Amino acid sequence: MGVNQHDVEFRFCPVCGGELDISIPKPDEPSRLICGGCDFIFYLDPKVVACTILEKDGKILLLKRGINPQKGKWVMPGGYVDRKEAVETAAVRGTFEECNVRVRIEDLAGVYSYPGKLAVVIVYKARYLEGELTPKDETQAAEWFSEKEIPWSDLAFRSTTDAVRNYSSAKQARQALSE
Ligand SMILES: [Zn+2]
């Protein structure tokens, strides 16, 4: 509620081809797209994105986007989760597809979502296994960044900035503890 879910205009029912109307099926729930012909409720789901934060020799991997939105800006490796795919599998797959590197998932780093935004971004800490770093698919460049080199003003999305910042501050806190 308060968030307009119907920013993508679907007009027809995917089940019977009847026209969809916006209405409120249950009083305390948001409005939905409902078919006038067969009563099918077309739930508009979020888009789930799985990413990895990969650190090697004290540097983290960022990829330069080759496509819009945010072409030319830097993101963590990853991609959309397919239907019925485990989120961890999608994170490993997306990382390989974008930069040719095989990784193993270690921990959940964070989950990032924002009002009015379709994406739910799930970020894992991952370990490098093998593969030569090579920008592939929709990626222009792939580079390792030390803490000081992170291009904060050229990160692609709010989730990128939040995830990298949280990762860096957690790392600094760990280092402070071990000193
Ligand atoms: Zn229908």
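Numbered according to the working numbering, the sequence shown spans residues 9 to 187.
C-beta: ideal position from N, C-alpha, C; glycine also.
Keep in mind it's a predicted model, so treat the numbers as computed, not measured.
Rounded straight-line distance, which links the Cα of residue j to that of residue i
i	j	result
Pro22	Phe104	33 angstroms
Trp82	Arg112	22 angstroms
Gly124	Pro54	11 angstroms
Thr168	Gly45	43 angstroms
Tyr175	Phe48	43 angstroms
Ile61	Cys24	43 angstroms
Glu172	Leu185	Here residue 172 is Val; the residue named in the question, Glu, does not match the sequence. Taking the straight line from one Cα to the other gives about 20 angstroms.
Leu71	Glu106	8 angstroms
Pro33	Ser39	7 angstroms
Pro35	Cys59	36 angstroms
Leu116	Leu28	39 angstroms
Gly10	Ser31	In this prediction, Gly10 has a pLDDT of 37, which is less than 50 and means its spatial position is unreliable; nothing more can be read from the coordinates.
Lys92	Leu137	25 angstroms
Asn12	Tyr132	Only weak support exists for where Asn12 lies, its pLDDT of 49 falling under 50; the coordinates are left without a value.
Tyr51	Glu37	12 angstroms
Asp170	Ser177	11 angstroms
Met84	Glu187	29 angstroms
Leu141	Pro159	19 angstroms
Arg182	Gly80	32 angstroms
Asp65	Val89	29 angstroms
Glu63	Phe20	46 angstroms
Where residue i sits in the DSSP three-state scheme
i	result
Ala184	helix
Ala178	helix
Ala149	strand
Phe104	helix
Val172	helix
Val23	coil
Where the beta strand (DSSP E) through residue i begins and ends
i	result
Val131	Ala127 to Glu138
Ala117	Arg110 to Tyr120
Limits of the alpha helix (DSSP H) - the one that residue i falls within
i	result
Gly86	Gly86 -> not in any alpha helix (DSSP H); beta strand (DSSP E) instead, spanning Gly86 to Tyr88.
Integer Cβ distance of residue i from residue j, believed to fall under 8 angstroms
i	j	result
Gly102	Gly87	3 angstroms
Arg73	Glu146	7 angstroms
Val57	Val129	5 angstroms
Lys67	Ser154	5 angstroms
Glu114	Arg135	6 angstroms
Gln78	Phe165	7 angstroms
query: Which runs of the beta strand (DSSP E), 3 residues or longer, sit entirely within the segment 26-81?
result: Whole beta strand (DSSP E) segments, 3+ residues: 28-31, 40-43, 55-64 and 67-73.
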